[in-house]
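Participant:
2 protein chains.
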Amino acid sequence: MLWRMKTALSELARRTAAPPISWLIATTLARPKLISLAAGFTDDASLPTRAVRDSMHEILRSPKPGRAALQYGSTAGDPRLRELTAAHLRHLDDVGTRKEYAADRVLITGGSQQLLYLAAEALCDPGDIVLVEDPTYFVFLGIVQSRGLHARGVRMERDGLDLAHLKQVLDSLRRSGQLRRVKLLYLVSYFQNPTGITTSFAKKAAALKLLKQYEHAAGHPIYLLEDAAYRELRFAGADEPSALAAPGFANRVLYAGTYSKPFATGLRVGFGVLPEPLLTAVTRIKGNHDFGTANLLQQTLKHAIASGRYEKHVGELERRYAHKAAVMRGALEKYFPKAVQWDDAHGGLYFWARLPRGVKTGVKSKLFRAALAADVLYVPGLLCYADDPARAKPDNEMRLSFGSASEANIREGIKRLGKALGKFI
Amino acid sequence: MLWRMKTALSELARRTAAPPISWLIATTLARPKLISLAAGFTDDASLPTRAVRDSMHEILRSPKPGRAALQYGSTAGDPRLRELTAAHLRHLDDVGTRKEYAADRVLITGGSQQLLYLAAEALCDPGDIVLVEDPTYFVFLGIVQSRGLHARGVRMERDGLDLAHLKQVLDSLRRSGQLRRVKLLYLVSYFQNPTGITTSFAKKAAALKLLKQYEHAAGHPIYLLEDAAYRELRFAGADEPSALAAPGFANRVLYAGTYSKPFATGLRVGFGVLPEPLLTAVTRIKGNHDFGTANLLQQTLKHAIASGRYEKHVGELERRYAHKAAVMRGALEKYFPKAVQWDDAHGGLYFWARLPRGVKTGVKSKLFRAALAADVLYVPGLLCYADDPARAKPDNEMRLSFGSASEANIREGIKRLGKALGKFI
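Taken in sequence, the protein lines are chains A and B.
Counting from 0, one number per residue, gives the positions in the first sequence under numbering that gives the first Met the number 0.
Counting from 0, one number per residue, gives the positions in the second sequence under numbering that gives the first Met the number 0.
(1) Do residue 262 (chain B) and residue 317 (chain B) have their CB atoms nearer than 8 Å?
(2) Since residue 284 (chain A) meets chain B, which of its residues come closer than 8 Å, beta carbon to beta carbon?
(3) Can you find a CB in chain A that lies within less than 8 Å of the CB of residue 406 (chain B)?
(4) Please list, in chain order, the chain A residues whose beta carbon lies closer than 8 Å to that of residue 288 (chain B).
(5) If you run the structure through DSSP and keep just helix, strand and coil, what is residue 11 (chain B)?
(6) Please report the residue range of the alpha helix (DSSP H) in which residue 321 (chain B) lies.
(7) Give the secondary structure of residue 157 (chain B) by DSSP, where H, G and I count as helix, E and B as strand, and everything else as coil.
(8) Over what stretch of residues does the beta strand (DSSP E) that includes residue 269 (chain A) continue unbroken?
(9) Inspect the beta-carbon positions of residue 210 (chain A) and residue 223 (chain A) and report whether they are closer than 8 Å.
(10) Short of 8 Å Cβ to Cβ, which residues in the region 116-144 of chain A face chain B?
(11) Return the Cβ separation of residue 27 (chain B) and residue 35 (chain B) in integer angstroms, given the expectation that the two are a contact with Cβ distance under 8 Å.
(12) Taking only beta-carbon atoms, is residue 387 (chain B) less than 8 Å away from chain A?
(13) Helix, strand or coil, according to DSSP, for residue 401 (chain A) in the structure here?
(14) From residue 45 (chain A) to residue 315 (chain A), what distance separates their C-alpha atoms?
(15) For residue 2 (chain B), decide whether its Cβ has a neighbour in chain A, counting only Cβ atoms nearer than 8 Å.
(16) Could you check if residue 271 (chain B) belongs to the surroundings of the ligand SAH, using beta carbon to heavy atom distance under 7 Å?
(17) Go through the region 360-400 of chain A residue by residue and report every complete run of the beta strand (DSSP E) that reaches 3 residues or more, in order.
(18) In chain A, which residues lie less than 7 Å from residue 182 (chain B) when you measure between Cβ atoms?
(19) In or out: residue 386 (chain A) buried (at least 16 other Cβ within 10 Å) or exposed?
(20) Who are the neighbours of residue 428 (chain B) on chain A, taking C-beta pairs under 8 Å?
(21) Quick test of your reading: residue 168 (chain A) and residue 221 (chain A), contact by CB under 8 Å. State the CB separation rounded to the nearest angstrom.
(22) Using a cut-off of 9 Å between C-beta atoms, extract the partners of residue 319 (chain A) located in chain B.
(23) Between the region 94-107 of chain B and the region 321-331 of chain B, can you find at least three pairs of beta-carbon atoms closer than 8 Å?
(24) I'd like the list of long-range same chain contacts for residue 254 (chain B), defined as Cβ closer than 6 Å, with 5 residues on each side in sequence excluded.
(25) Determine the burial state of residue 197 (chain B): buried for a count of at least 16 other Cβ atoms within 10 Å of its Cβ, exposed for fewer.
(26) Check whether the Cβ of residue 168 (chain A) lies closer than 8 Å to any Cβ atom in chain B.
(27) DSSP three-state call for residue 143 (chain A): helix, strand or coil?
(28) Just to confirm, are residue 131 (chain B) and residue 159 (chain B) a CB contact at a threshold of 8 Å?
(29) Go to residue 350 (chain B), then tell me how far its beta strand (DSSP E) extends in each direction, as first and last residue.
(30) Tell me, please, whether the CB atom of residue 280 (chain B) is closer than 8 Å to any CB atom in chain A?
(31) So residue 43 (chain A) contacts chain B; which residues on that side make the cut at Cβ distance below 7 Å?
(32) Is residue 22 (chain A) close to chain B, meaning its C-beta is less than 8 Å from at least one C-beta of that chain?
(33) Residue ranges of each beta strand (DSSP E) run of no fewer than 3 residues wholly in the region 73-126 of chain B, ordered along the chain?
(34) In chain B, what lies closer than 9 Å to residue 18 (chain A) by C-beta?
(35) Report the residue from B:267, B:358, B:250 whose alpha carbon sits nearest the alpha carbon of residue 338 (chain B).
(36) Taking beta-carbon pairs under 7 Å, can you tell me which members of the region 71-101 of chain B lie near chain A?
And the structure:
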């Protein structure tokens with residue numbers, strides 16, 4: 000009878016595709032000699048084993064705080080960590096006490112990734128539209144696809160989002176009667192994954208103002224989901240304030256931050272700053288997911304922040320990534336054909352390279368195969384573009400990470416890739 | 000213009016109610032002298048601060064394993080922890096090597112709670128029906144409500160699920176044409192939350208057989224989601240094999256287990272054993288949630304299991320909860336009116352008490368208010384029943400936890416509650 004049976008899987012499960020990156024990871028594992036410039040992993044050598052060990056020891060050596068750390072916490076997160084997080088953001092944004100940065104608007108999450116998922120759950124029904132940067136973070140595109148949402152790409156300029164194009168997209172959606180399906184603009188605002196671009200504060204404030212003008216036609220608020228995952232991986236230039244600092248717009252901003260990337264990715268503690276009614280909705284949904292992020296990890300972060308170990312580590316990372324980025328920059332200058340364009344990196348983990356039109360980078364391209372034959376892996380740019388009926392996906396770009404590869408492997412990897420590029424350019 | 004605007008919240012968010020327990024928790028926090036027999040927290044005094052500290056120290060003292068623990072892992076979880084988990088289950092179920100217990104069917108999750116959520120996402124669309132025990136775990140009911148599912152309650156007997164009633168419910172759903180919406184039976188099979196009842200292996204096997212008979216009419220597989228969260232909190236009697244051990248039915252069983260409750264709830268590491276196509280679907284969805292449970296927690300559990308610390312702790316907990324349950328049993332015998340019925344506990348964290356009909360226990364009842372005035376809190380039974388049009392919710396029961404209260408507070412709490420009961424019985 001089995002052959003007559005349909006699947007019991009939900010529509011969501013049937014929509015959920017294998018993540019594009021899983022094939023890349025499997026390829027990496029299967030070829031131990033391969034140099035991966037694809038992985039978004041952070042730098043291994045700088046992971047703070049000593050700081051975490053010391054924090055753990057201090058937490059667990061006395062029975063009372065030790066036991067508290069090993070017991071359940073509350074869904075919203077440890078109250079002191081929420082306070083420290085609010086203070087941390089006020090410091091980064093250089094603002095005084097403001098209700099937008101109150102500890103009770105902070106939710107502690109399992110990495111910032113969990114907040115992206117919860118935000119999508121809380122705001123979007125199947126068929127709804129999210130505006131994303133073109134290109135954008137591919138795991139967010141996975142959420143969009145899995146949850147039956149549609150994405151519309153907004154072009155980027157050197158200083159971030161192309162506001163004229165954002166207006167154009169919104170106007171076109173208004174004309175076609177689809178504006179009522181638009182719930183949010185997703186923006187990876189600092190050292191974007193994949194391009195490395197930072198959207199200026201002025202542009203974020205302007206984007207919020209623009210979105211507001213379309214709310215009447217939409218019939219509901221349109222939110223800005225600011226993904227600041229790479230914010231503290233800055234090694235050049237000045238920090239930009241977050242969208243929370245845009246006067247009068249904080250009730251439209253969902254800020255997603257993380258302590259994992261700038262400290263230890265194995266700890267997976269992120270946070271959100273949310274306005275009502277989203278704070279309540281997202282907290283309730285998180286209660287159903289896991290009723291709170293592992294308390295021991297929260298206590299460890301709290302301890303690392305309060306003791307100054309966290310800030311010290313962020314400073315060390317700054318020097319480390321500045322160096323690794325310089326190594327990649329030098330190798331790109333030396334080994335890549337001049338026809339390949341790339342911008343300098345000021346933070347984050349990535350360089351983004353644009354090849355001449357016609358030179359394809361996709362997993363089935365000759366270039367990708369040649370790179371693989373030379374044991375070097377990159378992320379094809381195609382994977383970072385939403386399915387958007389309004390444009391074809393560019394297929395001549397690549398994301399190159401200096402996060403996890405060693406300096407020697409960065410040099411050697413770019414050299415091999417440059418050689419492969421030479422055959423096709 | 001704000002007054003014209005509708006909410007941007009999704010249907011899911013608008014459905015998601017405040018968890019009933021949040022009011023109870025807020026009440027507890029607001030009254031520091033209150034004795035809570037409501038919380039599902041585990042015993043504070045037995046939390047393994049030493050074992051976790053030692054494991055952390057051993058993991059983090061050498062750079063190589065230390066850094067690996069602080070780096071991202073894979074979505075499915077640490078390969079060695081998956082192997083240890085498979086072996087652990089084979090040991091508990093007393094079976095040899097079988098493909099149903101293979102490491103590659105194991106998924107590591109953020110507590111077993113996350114697996115419950117992921118399973119509901121992967122199997123159920125809004126409008127689908129899940130069969131639950133009557134009463135059942137109220138956070139699962141929160142998932143059901145939030146995701147727009149409908150629940151049907153199946154009565155329980157002393158040795159678990161009432162199979163005749165399960166058949167009756169399935170027949171009634173078939174007659175009304177709703178069987179095609181039935182995706183799963185959710186069973187808290189060991190020392191159930193809230194009743195403390197364990198469903199025998201024979202009954203689990205019989206339930207699987209029965210469900211299979213309705214698959215043809217349903218048009219798709221009907222799964223058994225076995226929530227074994229309390230399995231290792233056993234302090235009397237013998238263990239029952241899991242539903243995975245039922246010959247020929249493992250492709251219909253989702254097993255949800257946890258290392259948090261029997262070790263440290265602040266660590267939040269659970270696991271699932273899943274058949275295809277659910278394993279793939281659930282793993283992909285988890286990738287979108289968090290791309291893997293915090294690696295440091297996984298390494299800690301792996302270390303605690305491999306070193307024997309985990310098993311040693313489970314043995315200590317057995318003695319500890321046996322004692323605390325004996326304290327509550329003694330107090331119930333001494334202080335509760337004879338008209339109140341309750342069964343002996345052999346594991347888990349709870350006693351379940353049935354008051355004479357007409358004596359209500361709900362949050363608005365005179366009894367609940369009298370208990371609160373005497374500074375003692377319980378979970379009203381009402382909260383543990385699904386909204387099921389086929390029956391009225393019993394309102395004369397209460398869940399009493401001996402998990403987190405001290406022995407002295409268990410005695411004093413039951414004494415106060417007995418006194419309050421005396422006024423109404």
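Where a beta carbon is used, it is the ideal one built from N, C-alpha and C, also for glycine.
Facilitator: Judging by the given coordinates:
(1) In this structure, residue 262 (chain B) keeps its C-beta atom at 8 Å or more from the C-beta atom of residue 317 (chain B).
(2) 11, 12, 15, 145
(3) Interface flag for residue 406 (chain B) against chain A is unset, since no Cβ pair is found closer than 8 Å.
(4) Within chain A, the residues near residue 288 (chain B) are 109, 112, 113, 116, 288.
(5) helix
(6) 308-334
(7) coil
(8) 269-272
(9) Going by beta carbons, residue 210 (chain A) and residue 223 (chain A) fall inside the 8 Å limit.
(10) 116, 120, 121, 122, 123, 124, 127, 138, 141, 142
(11) 5 Å
(12) no
(13) coil
(14) 8 Å
(15) Since pLDDT at residue 2 (chain B) reaches only 49, below the 50 mark, its modelled position is unreliable, and the value read off the structure follows with that caveat. So no, residue 2 (chain B) is outside the interface.
(16) Absence of the ligand SAH is noted for the structure shown, with no ligands found whatsoever.
(17) 396-400
(18) Going along chain A in sequence order, the residues near residue 182 (chain B) (Cβ under 7 Å) are 7.
(19) Residue 386 (chain A) counts as exposed, since fewer than 16 other C-beta atoms from the protein chains shown sit within 10 angstroms of its C-beta.
(20) There is no way to answer for residue 428 (chain B), as the model of chain B reaches only from 0 to 424.
(21) About 12 Å separates the two Cβ atoms, so there is no contact after all.
(22) Here the premise fails: no neighbours, minimum Cβ distance about 13 Å.
(23) no
(24) 225, 241, 243, 272
(25) The Cβ neighbour count for residue 197 (chain B), taken over all protein chains shown within 10 Å, is at least 16; the residue is labelled buried.
(26) So, not an interface residue.
(27) helix
(28) No, the Cβ-Cβ distance between residue 131 (chain B) and residue 159 (chain B) is not below 8 Å.
(29) According to the DSSP assignment, residue 350 (chain B) belongs to the beta strand (DSSP E) that extends over 349-353.
(30) yes
(31) 66, 70
(32) no
(33) Qualifying beta strand (DSSP E) stretches, in chain order: 105-108.
(34) 74, 283, 286, 287, 290
(35) B:358
(36) 71
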